[in-house]
DNA sequence: TTTTCCAATGTAAGGGCTTGCATTCTTTTG
DNA sequence: CAAAAGAATGCAAGCCCTTACATTGGAAAA
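So, in structure tokens, the structure goes:
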């Protein structure tokens with residue numbers, strides 16, 4: 004299959020210059036006369052030369068690759084983030100090594116090492132679940148950051164060489180909750196399934212909004228689902244069982260669109276009118292929101308903006324510039340048909 | 004940031020052996036006595052040695068990386084495929100370089116070259132849209148296949164070093180259509196938005212099933228939507244306009260779940276009961292199908308099986324074995340609430 | 001014209017690892 | 001017990017680039 008490849012030596016011979024000169028035009032060095040540059044380029048063109056990435060890597064100690072870690076690249080939201088990042092990084096001349104880690108720490112440590120072994124120039128952690136409550140569990144991030152910049156999307160961690168781009172989840176949920184209350188709906192159920200960094204921020208936003216409105220928060224106003232949120236049937240069932248135990252509510256704010264979908268299904272089963280009997284607000288404003296009927300109101304956390312900022316910050320860091328350690332963007336409730344006008 | 008890394012020389016010194024021996028234990032060579040192996044491993048462990056991937060690549064001419072190309076990694080179906088592949092390949096010790104190419108040929112050629120430059124060991128094209136009608140446009144695939152094995156998921160192309168794993172889309176749609184007809188529904192609209200390899204197979208399945216049942220196919224029985232299928236609103240509008248022109252139907256078979264979602268929305272707007280007034284069948288059996296109400300009947304093309312087979316075939320090829328050039332699996336209609344029982 | 005200086009180019013020393021071949025030492029065989 | 005075979009290890013030549021430093025030649029300065 005692979006015959007001996009064309010090397011820099013072949014080009015140097017063909018163009019009648021030294022390999023150093025060839026290397027210089029390869030790397031866009033200034034100190035090459037236009038005439039030689041053309042000669043070399045012609046030779047490359049003619050023989051279909053492609054520099055050997057490994058040798059290049061050895062010399063430059065980089066292969067222009069960024070590692071992207073996500074728990075599950077098929078999650079609607081994470082997939083979108085990965086997509087944006089890949090596009091943006093490619094524009095900057097970087098390739099992406101993708102690592103789906105699942106949710107266990109052991110896997111994450113392994114993946115992290117893998118990426119480091121492959122000499123990526125930076126690592127992006129997509130999703131807030133990469134930060135652990137137990138400070139020791141975050142060691143794998145600190146270790147990685149000792150070697151390459153680590154970017155967190157939707158999570159925050161104060162450490163050297165770690166940069167965080169987040170959405171202001173707290174305020175988004177606070178505002179959404181407040182808005183519902185102002186519309187006269189105060190029996191709100193907060194449905195969530197993660198204690199991640201942003202998960203806790205969202206929850207806090209809910210609690211504070213309720214408190215702020217002077218509504219005493221019963222503990223049955225929060226429902227935690229401990230399984231995979233993609234298991235729509237199970238989440239729906241849990242909502243039903245909650246309701247059937249006498250915990251009624253007039254609205255659901257979910258920490259994720261997928262969970263909100265279950266709330267919609269729940270309403271359908273219970274024959275509740277949306278939004279009259281039950282208002283529903285999701286989070287992430289994913290494609291799902293437009294797919295369901297009635298269309299789901301959802302909090303948009305401006306994923307594309309986050310990704311753009313993350314990328315430019317990373318590029319800045321790699322370029323040796325001082326960059327902000329944390330950047331926060333405001334979210335926004337997109338009102339559709341599951342909330343009162 | 005980066006202090007001088009531990010190299011094979013350090014280990015060799017520390018263990019009191021030659022670097023050749025260290026390299027041998029690194030590569031699991033047979034000819035090393037157990038005692039030395041242990042000594043070396045201990046030294047590695049102690050000094051936290053990580054072999055330099057570039058140097059390794061230079062020597063071995065591989066970095067155990069597979070390139071994955073997909074038009075859009077955030078597409079629900081493609082994302083799932085990428086996810087499966089990434090997991091499977093990782094299990095085999097390979098990393099994945101992800102390339103989202105969009106739908107233009109120029110981008111694809113560029114991406115392909117990029118992957119080849121980075122010396123991937125194989126390339127996987129996820130999605131049937133990588134094959135072009137115009138034979139010349141497929142040159143980029145042949146070129147790539149001249150260097151590394153190319154795997155096609157859901158597409159077929161007969162060429163050296165190209166391996167295809169597909170679902171029998173033709174039969175799946177043929178059967179689904181036939182089943183509807185047997186249930187007494189013969190006014191069926193086939194809704195599609197792609198002329199890709201599998202797109203054409205599906206369409207043929209529909210046409211043949213109708214013909215086979217002796218139903219004369221009016222050309223208004225097929226509706227092609229030329230934009231992005233994610234634009235649910237636009238697809239819905241086009242369905243409405245089609246209907247309003249007098250082209251009525253009692254069922255929709257869509258070439259993709261996302262399109263089917265639009266059919267559901269259309270029914271809702273027209274106040275058609277599902278499945279009594281309108282039956283709907285999607286394709287891919289994606290997560291979307293379970294999210295909507297009523298839940299969508301959809302053709303499952305066994306993506307996970309396809310990915311497994313693709314991976315094992317690729318591993319076989321890389322291992323120098325003769326492997327089947329084309330593997331086809333049967334699909335299956337998953338009946339949910341949008342089709343009559 | 002001679003001296004400086006600088007742009008353009010070449011020389012050669014790595015960068016860290018793999019591997020064919022040579023060498024040494026241990027076993028087996030006759 | 002000598003000779004042959006085999007196992008374990010070392011030597012050194014790559015693999016293909018990058019780049020600090022040396023060299024050259026011509027233009028600018030004196």
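Protein chains in written order, with this note's numbering: chain Y, 4 to 344; chain L, 4 to 344.
For each residue, glycine too, the CB sits at the ideal point set by N, CA and C.
Values in this document were obtained by computation on a predicted structure and should not be read as measured data.
Classify residue i as helix, strand or coil using the three-state DSSP reduction.
i: residue 326(L); result: coil
i: residue 17(L); result: helix
i: residue 68(L); result: strand
i: residue 127(L); result: strand
i: residue 260(L); result: helix
i: residue 156(Y); result: strand
i: residue 192(L); result: strand
i: residue 225(Y); result: strand
i: residue 87(Y); result: helix
i: residue 151(L); result: coil
i: residue 344(Y); result: coil
i: residue 134(L); result: coil
i: residue 77(L); result: coil
i: residue 55(Y); result: coil
i: residue 244(Y); result: helix
i: residue 34(L); result: coil
i: residue 206(Y); result: helix
i: residue 145(Y); result: helix
i: residue 220(Y); result: coil
i: residue 62(L); result: helix
i: residue 185(L); result: helix
On a CA-only basis, which of the options is nearest residue i? Give me that one, please.
i: residue 193(Y); options: 117(Y), 245(Y), 44(Y) and 99(Y); result: 245(Y)
i: residue 16(Y); options: 37(Y), 33(Y), 31(Y) and 45(Y); result: 45(Y)
i: residue 199(L); options: 133(L), 274(L) and 76(L); result: 133(L)
i: residue 229(L); options: 223(L), 197(L) and 19(L); result: 197(L)
i: residue 27(Y); options: 307(Y), 148(Y), 59(Y) and 51(Y); result: 59(Y)
i: residue 318(Y); options: 13(Y), 147(Y) and 151(Y); result: 151(Y)
i: residue 188(Y); options: 337(Y), 344(Y) and 10(Y); result: 344(Y)
i: residue 205(Y); options: 242(Y), 138(Y) and 176(Y); result: 176(Y)
i: residue 102(L); options: 71(L), 261(L) and 260(L); result: 71(L)
i: residue 173(Y); options: 331(Y), 8(Y) and 14(Y); result: 331(Y)
i: residue 37(L); options: 259(L), 220(L) and 24(L); result: 24(L)
i: residue 20(Y); options: 274(Y), 35(Y) and 191(Y); result: 35(Y)
i: residue 304(Y); options: 201(Y), 254(Y), 237(Y) and 212(Y); result: 201(Y)
i: residue 30(Y); options: 49(Y), 9(Y), 293(Y) and 62(Y); result: 62(Y)
i: residue 345(L); options: 178(L), 250(L) and 54(L); result: No answer is possible for residue 345(L): it lies beyond the span of chain L, which begins at 4 and ends at 344.
i: residue 135(Y); options: 153(Y), 118(Y) and 159(Y); result: 159(Y)
i: residue 142(L); options: 124(L), 129(L) and 116(L); result: 116(L)
If you follow the alpha helix (DSSP H) that residue i is part of, which residue opens it and which one closes it?
i: residue 292(Y); result: 290 to 294
i: residue 9(Y); result: Premise fails: residue 9(Y) is in no alpha helix (DSSP H) and is neither H nor E.
i: residue 199(L); result: Unbroken run through residue 199(L): none, as it is neither H nor E.
i: residue 48(Y); result: 37 to 50
i: residue 22(Y); result: 22 to 29
i: residue 319(Y); result: 306 to 321
i: residue 112(L); result: 108 to 120
List the residues that DSSP assigns as beta-bridge partners of residue i.
i: residue 282(Y); result: 254(Y)
i: residue 332(Y); result: 170(Y)
i: residue 234(L); result: Per DSSP, none; premise fails for residue 234(L).
i: residue 102(L); result: 72(L)
i: residue 301(L); result: 285(L) and 337(L)
i: residue 165(L); result: 153(L)
Can you tell me where the beta strand (DSSP E) holding residue i begins and where it ends?
i: residue 275(L); result: Where residue 275(L) is concerned, there is no enclosing beta strand (DSSP E), given that its DSSP letter is neither H nor E.
Contact residues within the stretch 82 to 109 of chain Y, judged by C-beta distance below 7 Å to chain L: 82, 83, 85, 86, 89, 90, 98, 99, 100, 101 and 103
Selection of the stretch 275 to 301 of chain L by Cβ proximity to chain Y, strictly under 7 Å: Cβ contacts with chain Y come from 290, 291, 293, 294, 295 and 296.
Contact residues within the stretch 52 to 63 of chain Y, judged by C-beta distance below 7 Å to chain L: 53, 56, 57, 58, 60 and 61
Against chain L: residues of the stretch 112 to 137 of chain Y by CB proximity under 9 Å: 114, 116, 117, 118, 119, 120, 121 and 122
Interface residues of the stretch 183 to 204 of chain Y facing chain L [CB-CB below 7 Å]: none
Selection of the stretch 234 to 267 of chain Y by Cβ proximity to chain L, strictly under 8 Å: So the close ones are 235, 236, 261, 264 and 267.
Within 9 Å of chain Y by C-beta, residues of the stretch 21 to 40 of chain L in sequence order: Answer set for the stretch 21 to 40 of chain L: empty.
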